[in-house]
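The sequence shown begins at 49 in the numbering used here and counts up by one.
What follows is a single structure, written as C-alpha cells, with notes after it.
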Amino acid sequence: MSPVVKITQWRKGSQWFEVNRKLAVDIVTDEVYYPKFKQFCKPSCYVDEHYFPTMLHIQSPHLLTNTSLTWVDWHRGGAHPATFGKADVTDKFLKQLSEGQRTCVYNNQTTSYCLLFARKFSPSALDPLLKLSSKYLGF
Numbered sequence: 049m050s051p052v053v054k055i056t057q058w059r060k061g062s063q064w065f066e067v068n069r070k071l072a073v074d075i076v077t078d079e080v081y082y083p084k085f086k087q088f089c090k091p092s093c094y095v096d097e098h099y100f101p102t103m104l105h106i107q108s109p110h111l112l113t114n115t116s117l118t119w120v121d122w123h124r125g126g127a128h129p130a131t132f133g134k135a136d137v138t139d140k141f142l143k144q145l146s147e148g149q150r151t152c153v154y155n156n157q158t159t160s161y162c163l164l165f166a167r168k169f170s171p172s173a174l175d176p177l178l179k180l181s182s183k184y185l186g187f
C-alpha cells in the first residue's frame with residue numbers, strides 16, 4: 049500500500065466503534081485509501097478493523113481516542129475473544145467487570161471513565177445477566 053499508506057500509519061482497531069458526522073463523511077467520500085485496501089488487503093484484512101482506523105488515523109488523528117469502552121477477554125488465544133456462557137456469569141464475574149479496573153485511561157490520561165460494555169456472551173448467559181442486572185444497573 050506504500051507510499052499511500054506507510055507501515056507506521058497502519059492501525060488495527062475494534063470493529064465496535066462510533067464516529068461523528070465529520071468522520072462518517074470522511075469515510076464515505078474517501079477515494080484515496082479505500083482503493084488501496086480493496087486492492088491489497090485480501091483476505092486477512094477487514095474494513096472495520098483495519099481500513100477505518102488506518103484511514104482515520106491518517107486524515108483526522110486529532111479526532112480519535114485511544115481507548116475502548118468494551119471489556120474483551122483475549123487471554124484464551126485465537127482469532128476471537130472468549131465467549132462467556134451461563135456458568136461464567138456470576139456475581140463475582142460482574143463485580144470484576146464493573147470494579148476490577150480502578151485506573152482507567154482515556155487518550156493517555158487517567159480518568160474514572162471506565163468500561164461500559166463487555167463481549168462476547170452466548171445466549172445461555174442471558175438468564176443470569178438478567179437476574180443480576182438490577183444489582184449492577186440499578187433497575
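Glycine is no exception: its CB is placed at the ideal position from the N, C-alpha and C atoms.
Is any heavy atom in the ligand SAM found nearer than 7 Å to the beta carbon of residue i?
{"i": "residue 77", "result": "You won't find the ligand SAM in this model; it holds no ligand whatsoever."}
Using three-state DSSP, classify residue i as helix, strand or coil.
{"i": "residue 166", "result": "strand"}
{"i": "residue 146", "result": "helix"}
{"i": "residue 112", "result": "coil"}
{"i": "residue 97", "result": "helix"}
{"i": "residue 63", "result": "coil"}
Name, in chain order, the residues that DSSP records as bridge partners for residue i.
{"i": "residue 132", "result": "169"}
{"i": "residue 152", "result": "159"}
I need the boundaries of the beta strand (DSSP E) containing residue i, first residue and last residue.
{"i": "residue 157", "result": "157-159"}
{"i": "residue 118", "result": "118-120"}
Assign residue i to one of two classes, buried (16 or more other C-beta atoms within 10 Å of its C-beta) or exposed (fewer than that).
{"i": "residue 53", "result": "buried"}
{"i": "residue 104", "result": "buried"}
{"i": "residue 123", "result": "exposed"}
{"i": "residue 110", "result": "exposed"}
{"i": "residue 98", "result": "buried"}
Which residues bound the alpha helix (DSSP H) around residue i?
{"i": "residue 73", "result": "69-77"}
{"i": "residue 138", "result": "Taken as a continuous stretch (DSSP letters only), residue 138 belongs to no alpha helix (DSSP H), as it is neither H nor E."}
{"i": "residue 175", "result": "174-185"}
{"i": "residue 81", "result": "81-88"}
{"i": "residue 24", "result": "Since the displayed the chain opens at 49 and closes at 187, residue 24 lies outside it and no answer follows."}
For residue i, which residues of its own chain have a beta-carbon under 7 Å away from its beta-carbon, when the five flanking residues on both sides are left out?
{"i": "residue 84", "result": "49, 52 and 53"}
Skipping 5 residues on each side, what residues in its chain have a beta carbon closer than 6 Å to that of residue i?
{"i": "residue 147", "result": "none"}
{"i": "residue 177", "result": "137"}
Under 8 Å Cβ to Cβ from residue i, same chain only, skipping five residues before and after it: list those, please.
{"i": "residue 156", "result": "114"}
{"i": "residue 139", "result": "180 and 183"}
{"i": "residue 131", "result": "168, 169 and 170"}
{"i": "residue 108", "result": "70, 71 and 74"}
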